[in-house]
Each structure stands twice: as C-alpha cells, then as structure tokens.
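J.: Going by numbering that gives the first Met the number 0, the sequence shown opens with residue 0, and the numbers climb by one from there. All C-beta atoms in this analysis are idealised placements derived from N, C-alpha and C, irrespective of residue type, glycine included. Below is a structure I'd like to ask you about.
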Amino acid sequence: MIRKAALLAMLSAALLAPTMAAAPSLAASRPLSTTARQTVSLSIGSITPSVAKNLTDVITFSGTVRNDTGTPLTNVYVRLRYQAQPFTDRATLAAYQGDQNTATLPYNVSSTSAMIIPSIPAGGQARWQFTATPVQLGYRTFGAYPVAVEVAPNAGAALVAQRTYLTYAPPTNPKPPRVKVAVVLPVIDQPHRAVDGPVFVDDKLAGSLGDGGRLTDLATIAQSAPASTTWVVDPALLDDVDAMSRAYRVKSRGGEQPKPASAAAKNWLTAMRTSLAASPLVATPYADPDVTALAHQGLDTQPKRAIELGAAKAQTLLGRGAKTNINWPAAGLLDPDALDLLSVSGVDTVLLDPANLPPQQPLTTTPDAAAKLDSVNGPVTALTADAELSRIFEPASGASSVLSTQRFVAETALISAEPGQTAQRTLVIAPSRRWNPNPALVSSLLKTAGRLPWLQLVPLDSVKPGKASVPRAGLSYTNQNRKDELGRKYLAPVKDTWHQAQLTALVKVEKTESAFDAAVLRLTSSAWRTSTRAGRAVTKLVGDAVKSTTDKIQITSAPRTLAGSNGVVPISVKNSLSTPIQLFIDVKSDNPDLLQVDFPQDEPLPIGGGQSGTVQVRMTATVNGDATVTVQLLTADRQPYGKPQRLTIRTTGYTGIALVIVGAALTVMLAAVVTRLLRRRSQRRHERAAKSRESETV
C-alpha cells in the first residue's frame with residue numbers, strides 16, 4: 000500500500016504501475032500534476048474528410064502522442080469525445096476554443112473511436128488512429144460540432160486533450176446563398192535602401208529571400224493560390240529586390256561591404272511576375288507610407304506622389320498594371336483626415352480593421368464586409384476584414400495546419416447558417432500586412448475555401464456595398480492609434496528633406512520629378528513605426544545625399560571690386576551637375592546707406608552641365624571701402640535654393656561728396672594760380688616801367 004500511495008502521488012509514474020490497471024477509478028480520482036500535463040503532448044495530424052456530407056461518411060482521425068515525462072508510459076488510451084449538439088453561433092465556438100479545462104470537454108466518450116497504446120518509451124512517441132461516422136456521433140443537422148481527442152491513463156481522466164471541430168453538411172434543398180469570400184494576401188516589407196542605387200542599409204532582404212525565408216514562402220503560396228486571390232504588393236520591395244539582383248553593397252561600421260548579384264532575388268522576381276500575371280493585383284503607395292501620420296503632420300503631397308510612383312514601379316517590375324485606387328492603411332486604421340487625403344489622391348476603396356469601422360448596433364451575426372464612407376472627394380467604399388478568419392491565416396507559431404483548417408471550415412459554416420440572412424454577404428480575409436506565413440497552412444486554407452459548398456471566392460475589387468450592408472458607426476480612431484503613428488519629431492526632418500529634394504528638380508531646365516522622390520518616400524514608410532531609430536538613421540543618409548546634390552550649385556565667393564562710385568559687379572554661379580539648370584539670383588545690400596543694388600532679373604540664368612554662369616549686377620557706392628551683399632539663388636518659381644551667401648564688394652573710386660570737395664579744392668587752387676600769374680605779370684610791368692624811367696633820367 001505504501002508503494003501504491005507513492006506512485007499515485009507522483010501521477011505520471013502512476014501510469015507505469017501494473018496495479019493501476021486493476022483500479023482505474025482510483026487513478027481517475029486523483030488530480031493530474033502540472034508537470035505531467037506539460038510533458039505528455041498530443042497532436043492531431045489529420046482529419047479526413049474535413050467536412051462530412053452523409054451520415055455514413057467515415058471520418059478518420061490520426062496523430063501522435065509524445066512522452067517527455069522521463070519514464071515509459073503504458074496502457075495509454077487515446078479516444079474521441081464529442082457532443083451531438085452543434086455550436087449555436089461563433090461566440091460559443093470561440094468560448095469552446097479558449098477553454099483549456101479538460102473537465103469541460105464534450106461529455107460523450109466514444110467507445111468505438113478509441114485505441115490503446117500499450118507503451119510509449121521515455122522520449123518517444125506513438126501513432127494513433129481511429130474512425131467515426133456522423134451517425135455514430137449523433138449528427139442530424141447542418142452545423143459545426145465540438146470534438147476533442149484526449150489521452151487518458153487506463154481509461155481514466157484526461158491527461159492531455161486537443162479540442163477541434165467537425166462540420167456536417169448534408170445536402171439541403173433549397174441551398175442557402177453562398178457567402179462570397181475575398182482573400183487578400185500582402186507582400187509588404189520595410190525599406191532596405193536610403194537613396195536609389197546599389198547601397199543597402201542592411202542585408203535582411205537576403206535572409207527573406209533564402210530557403211525558408213518570408214518572401215520565399217510568399218512566392219510559394221503565389222504559385223498555387225487560386226486566381227481570385229488578391230495580392231497587395233509594395234513596389235518599393237520589388238524595387239529593392241531588383242537592385243539586389245545586381246551587384247550591391249551593404250553599409251557596415253567599417254564602410255561598405257560588397258555583395259555579388261543575388262540569384263535568389265532575380266528568381267524571386269521572376270516567380271512573382273509569373274505567378275501574379277493573371278491575379279488581382281493592388282500596388283500600395285511606394286514604400287507603404289504612414290498615411291495617417293502624413294495627414295496629421297502636413298505632408299499632404301506625398302501620398303499622391305507615392306501612388307503614382309508605386310503604379311509605375313509595379314508596371315516596370317511585374318510587367319503589368321496594378322490597381323492603386325484601393326488602399327490598405329497601416330494597421331488597417333484611418334481617421335477622417337487620412338481618408339480625405341487618400342480620396343483626393345485617387346483612392347475610392349479602403350481596407351480596414353473591423354475595430355476601425357464598427358457597426359452602429361452590436362450584432363449577433365457576421366456583418367457584410369462592405370460599407371460606404373463620406374469623404375471630401377465623395378463616397379468611398381470601406382471594406383472590413385473579418386478578424387477571426389484573418390487570424391486563422393496567420394496562427395501562432397507552431398499551430399497545427401489541420402486544426403486551423405478545421406477551425407476555418409467550422410467558422411465559415413456557422414456564418415453561412417446564421418439566421419435572418421436573406422441577401423448574399425461578403426467576407427474579407429486579410430492577415431497582417433507584414434506577416435510571416437506558413438505556406439502549407441495558407442495553401443491548405445485556400446484550397447479548402449475553394450471547395451466548400453457554402454463559400455464563393457471572389458476578387459477584392461468586386462466587393463461593393465449592397466443589400467446585406469449594415470449601418471456603421473463611422474471611423475473609430477483612438478488616442479492610442481494616434482500615438483502609434485510616426486510622430487512630429489520623426490517627420491519634421493523628413494518634411495524638410497522632401498522640400499529640399501523638390502528644389503533640386505525645380506532648377507533643372509528639363510522639368511522632371513525629383514531624383515530623390517523614392518528615397519524620401521522610403522522615410523515615410525509605416526515600417527518605421529516600430530523602428531524609429533533605424534528610420535532616423537536612413538533619414539540622415541537621405542538628407543546628406545540631398546545636401547550633396549544641392550551643394551553642386553554654388554556661388555563663387557571671391558571678393559568683387561566696384562571701380563568707381565557706380566558700375567557693374569560680376570557674380571558667377573558654378574553648376575557641377577551633369578544636367579543644365581536655370582535659376583534666378585537675388586542680390587540685396589546688407590547696408591543700403593553704403594551700397595545700393597539695382598538688379599532686376601526678368602529671365603532665369605541658364606547654365607550648362609559642368610559650366611559656370613555670370614550675371615552683371617549694377618551697384619552704386621556712397622563711400623570708399625568694403626561693403627557686403629547677400630546673394631540667394633532662386634528656383635524658377637522663386638523659391639530659395641541652398642543657403643544665402645554674403646559677398647564682399649570693394650569700392651576704389653571717389654564718391655559724389657568727395658568729387659564736390661575735390662572740385663572746390665581745384666577751383667581754389669586754380670584761382671590762386673591765376674592770381675599769382677596776374678600778380679607776377681603786374682610786377683613785371685612795374686619793373687619794366689621803372690627801368691624805362693631810369694633810362695630816361697640818364
């Protein structure tokens with residue numbers, strides 16, 4: 000008896016005691032230790048078919064039991080527990096899934112759907128398999144039913160259990176309307192370059208494109224996804240991968256590390272180009288900008304430019320057009336300001352998180368995905384993703400593909416059977432935008448969705464508000480949502496860099512977009528929300544590159560000389576760019592009382608690439624010496640270009656006052672000379688008269 004009591008207290012060791020086979024009720028009366036629950040694991044490897052359609056369909060369950068208790072297990076029972084009543088709604092299904100208490104498992108224990116594993120060695124595992132039919136489980140009507148597989152010692156209480164679902168779908172007449180389902184899969188990353196070119200700020204993209212990498216998995220899914228699947232692709236990611244398909248360099252502390260052209264990058268682009276050739280395709284604005292932050296911080300022109308650039312890059316790199324009128328904002332959240340900004344940029348459809356656009360009244364059924372929102376530019380279609388179905392496409396790490404598929408089947412079956420639904424509804428499934436997918440699971444879910452009789456897969460752009468739409472409460476945007484945005488402190492230097500970058504284009508003779516548009520748009524990426532330090536480092540790199548370009552147009556700064564009180568002074572501008580430019584030059588005297596400037600410039604000064612240009616500026620000095628002027632270069636629309644520069648003007652001639660003084664002095668001197676000459680002439684005349692008188696006397 001002492002030995003038996005000790006074994007019972009140890010719980011997991013109780014499974015090993017031969018005497019326990021004769022006393023199952025005693026084993027069941029003892030609570031199981033936490034350690035035992037953690038060291039015996041159960042997995043369900045398959046449930047086929049996933050949907051039973053007839054009462055006599057044979058449903059096969061199989062899987063494994065693993066023993067990590069450290070000691071062998073004997074007489075291990077694996078059996079099915081079930082309930083003959085289906086779930087009434089999605090809420091009861093969610094509650095069942097969240098309940099991990101083995102005491103609340105379905106109360107029916109199947110005697111026919113069970114097996115005994117004689118022994119499982121320590122550290123080993125054993126396979127199990129059994130079958131059941133809907134008639135054995137008591138199913139009579141369409142619905143999703145709770146089932147569980149449990150592991151029990153000697154037919155006692157469950158040691159560990161796995162909850163799942165069975166869906167029974169007998170033929171019905173008339174058939175209910177199918178629920179439309181639009182599946183949206185994102186291909187979005189973070190920027191990996193600062194400016195255009197072969198220099199990367201990190202080498203993370205190489206890992207994503209390697210075996211088992213995130214982007215590799217997405218390409219695998221794309222190769223087998225149904226043609227109705229809508230793909231949302233960030234063209235900036237395509238741009239980075241394309242740059243990586245040639246020799247590139249990665250910034251490091253010691254400088255730049257050279258890398259050879261990536262064959263994986265080239266192959267990935269080819270695979271995506273082929274796989275998405277006929278699929279519905281949406282291009283995010285270039286670099287997936289944080290639109291709400293841009294709207295709140297006054298960067299109103301960037302979204303439209305990002306949309307234009309995104310469309311052009313998608314066309315170039317995928318060889319086909321992509322829709323840009325659909326926008327999926329960061330975290331699926333917008334406020335009215337951001338909605339207005341998108342609408343004036345050409346967006347007429349937005350994909351949102353359901354919390355961002357809740358129904359006016361609480362609902363007990365699943366609402367249609369589509370609704371209408373008013374914007375400054377007219378009505379906008381708002382599509383809300385189903386949160387639970389979207390999570391199934393992106394389960395927690397290590398989640399079972401089989402159980403996720405069974406959950407998906409059960410959830411959609413319940414939606415299709417919800418009472419009071421007369422009009423056809425649409426669901427949208429959209430996993431998180433920078434997800435790390437499980438290719439096997441996603442492919443299984445897509446394949447399953449395509450063959451379920453109550454679902455119809457459709458492209459996202461076909462989803463429109465209809466009779467099934469429910470009134471919505473309007474956009475809900477919380478203070479926490481606002482805090483999650485890129486803030487003013489981050490975006491202020493981005494805004495300044497954008498302005499300076501635009502000036503580099505405005506001075507060119509040939510009017511084109513700024514060469515830095517893509518670079519600055521990368522700085523606005525929503526990816527920097529969770530990595531602002533990295534975003535600031537990239538911002539500095541772009542800012543330095545813009546300044547370097549701006550500094551290639553310079554005023555030559557040697558002192559100028561004004562010969563005389565007035566005249567012209569040449570001011571030269573050096574263009575070190577390879578392209579011709581034209582600009583205005585604004586010259587102002589720092590002290591108009593000493594030096595006045597008269598320089599009306601009606602036409603811009605043209606300067607060829609690698610050349611200098613000179614203007615003649617008329618100036619008038621009132622004193623002799625040095626004076627300063629401030630010279631500011633201006634773009635064609637008279638915006639300041641670069642920093643103003645002070646030049647020294649040296650005057651060497653007489654001023655007007657000095658000339659008066661000199662003139663007066665000359666007059667006095669002339670008068671003195673004339674007087675002296677007259678005096679000398681008179682003196683000579685007197686001398687000649689005196690000599691004449693003397694000679695007469697003699």
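With a Cβ-Cβ cutoff of 9 Å, do Leu633 and Pro639 count as a contact?
T.: Yes, the pair counts as a contact, with Cβ atoms nearer than the cut-off.
J.: Thinking C-beta only, is Ala263 closer than 9 Å to Ala221?
T.: Not in contact: Ala221 and Ala263 (Cβ atoms no closer than 9 Å).
J.: Give the straight-line distance between the Cα atoms of Ala398 and Leu444, rounded to the nearest whole angstrom.
T.: Those two C-alpha atoms are separated by around 14 Å.
J.: Using the beta-carbon count (16 or more within 10 Å), is Ile115 buried or exposed?
T.: Counting Cβ neighbours within 10 Å, Ile115 comes out exposed, since fewer than 16 surround it.
J.: Here's the rule: buried if 16 or more other CB atoms are within 10 angstroms of the residue's CB, otherwise exposed. What is Ile660?
T.: Here Ile660 scores only 45 on pLDDT, less than 50, and its place in the model is too uncertain to base an answer on.
J.: Which parts of the segment 391-458 are runs of the beta strand (DSSP E), unbroken and 3 residues or longer, counting only runs that do not cross its ends?
T.: Counting only runs of 3 or more, we get 425-428 and 454-456.
J.: Any idea what DSSP makes of Gly566, helix, strand or coil?
T.: Strand.
J.: For Ala286 and Ala305, which I take to be in contact (beta-carbon distance under 8 Å), what is that distance rounded to the nearest angstrom?
T.: Contact flag correct, Cβ pair sits at about 7 Å.
J.: Distance, Cα to Cα, Ala762 vs Lys446?
T.: Outside the modelled stretch of the chain, which goes from 0 to 697, sits residue 762, for which no answer is possible.
J.: Go ahead and label Ser342 buried or exposed: buried means 16 or more other beta carbons lie within 10 angstroms of its beta carbon, across all protein chains shown.
T.: Ser342 should be labelled buried.
J.: Give the C-beta separation of Pro358 and Ala472 to the nearest angstrom, bearing in mind that I take them to be a contact with Cβ-Cβ under 8 Å.
T.: Right, the Cβ-Cβ distance comes to about 7 Å (below 8 Å), so this counts as a contact.
J.: For Leu522 versus Thr538, is the C-beta spacing smaller than 9 Å?
T.: A contact, by the Cβ cut-off of 9 Å.
J.: Could you name the residues of the same chain whose beta carbon sits closer than 7 Å to that of Ala452, not counting the 5 residues immediately before and after it, in chain order?
T.: The residue you asked about is not Ala; residue 452 is Pro in the sequence shown. Excluding sequence neighbours, Pro452 sits near Ala168.
J.: Is the number of C-beta pairs between the segment 287-296 and the segment 483-501 that are closer than 8 Å three or more?
T.: Touching, yes, given that three or more Cβ pairs across the two stretches are closer than 8 Å.
J.: Using a 10 Å radius around the Cβ and a threshold of 16 neighbouring Cβ atoms, would you call Lys510 buried or exposed?
T.: Exposed is the call here.
J.: Between the alpha carbons of Pro745 and Val545, how many angstroms are there, rounded?
T.: Only positions 0 to 697 of the chain appear in the structure, and residue 745 is not among them; the question remains open.
J.: Which word fits Leu349, buried or exposed, when buried means at least 16 other C-beta atoms lie within 10 angstroms of its C-beta?
T.: Contrary to the premise, residue 349 reads as Val rather than Leu in this sequence. Counting Cβ neighbours within 10 Å, Val349 comes out buried, since at least 16 surround it.
J.: Buried or exposed: Pro234, going by 16 or more other Cβ atoms within 10 Å of its Cβ?
T.: With 16 or more Cβ atoms within 10 Å of its Cβ, Pro234 is classed as buried.
J.: Output the residue ranges of the alpha helix (DSSP H) runs that lie fully inside the segment 234-319 and measure 4 residues or longer, sorted by chain position.
T.: The qualifying runs are 234-243, 262-274, 290-295 and 301-317.
J.: Which runs of the beta strand (DSSP E) spanning at least 3 residues fall entirely within the segment 349-379, listed in chain order?
T.: Listed in chain order, they are 369-374.
J.: Within 10 angstroms of the Cβ of Val375, are there 16 or more other Cβ atoms? Answer buried if so, exposed if not.
T.: That one is exposed.
J.: I believe Ile552 touches Gly641 by the beta-carbon criterion, under 8 Å. Please report the beta-carbon distance rounded to the nearest angstrom.
T.: Between Gly641 and Ile552 the Cβ distance is about 7 Å, and since that is below 8 Å, they are a contact.
J.: Given that a residue counts as buried once 16 or more other Cβ atoms are within 10 Å of its Cβ, and exposed if not, what is Pro145?
T.: The residue is buried, with at least 16 neighbouring Cβ atoms inside 10 Å.
J.: Taking Arg80 as the reference, which of Ala113, Val614, Thr364 and Ser118 has the closest Cα?
T.: Closest by alpha carbon: Ala113.
J.: Count the other CB atoms within 10 Å of the CB of Asp543; is the residue buried (16 or more) or exposed (fewer)?
T.: It is exposed - the Cβ of Asp543 has fewer than 16 other Cβ atoms within 10 Å.
J.: Over the uninterrupted beta strand (DSSP E) stretch that includes Asn324, give me the two end residues.
T.: Asn324 -> no beta strand (DSSP E), and no H or E assigned at all.
J.: Rank Ala386, Gln82, Gln256 and Thr63 by C-alpha distance to the C-alpha of Pro197 and give the top, closest one.
T.: For Pro197, the nearest C-alpha among the options comes from Gln256.
J.: Spell out the partners DSSP gives Ile43 in its beta bridges.
T.: Answer is Gly62.
J.: Where does Gln595 sit, in a helix, a strand or coil, going by DSSP?
T.: In this structure, Gln595 counts as strand in the three-state DSSP scheme.
J.: Would you tell me roughly how many angstroms separate the C-alpha atoms of Gly97 and Ser415, rounded to the nearest one?
T.: Computed Cα separation, rounded: 22 Å.
J.: Would DSSP call Gln479 helix, strand or coil?
T.: Note: Gln479 maps to helix in three-state DSSP.
J.: Would you mind listing the beta strand (DSSP E) stretches within the segment 505-568 that are 3+ residues and don't spill past its ends, in chain order?
T.: As far as the segment 505-568 is concerned, its whole beta strand (DSSP E) runs of at least 3 residues are 552-554 and 559-561.
J.: Give the straight-line distance between the Cα atoms of Val150 and Lys258, rounded to the nearest whole angstrom.
T.: Taking the straight line joining both Cα atoms gives about 53 Å.
J.: Between Leu92, Ala518, Thr477 and Phe598, which has its C-alpha nearest Lys494's C-alpha?
T.: When each option's Cα is compared against that of Lys494, the closest is Ala518.
J.: Is Gly155 buried or exposed, if buried means 16 or more other CB atoms sit within 10 Å of its CB?
T.: Gly155 is buried by the Cβ-count criterion.
J.: Quick check on this structure: which residue in Phe598, Asn565, Gln631 and Leu594 has the alpha carbon closest to the alpha carbon of Thr555?
T.: Answer by Cα proximity: Gln631.
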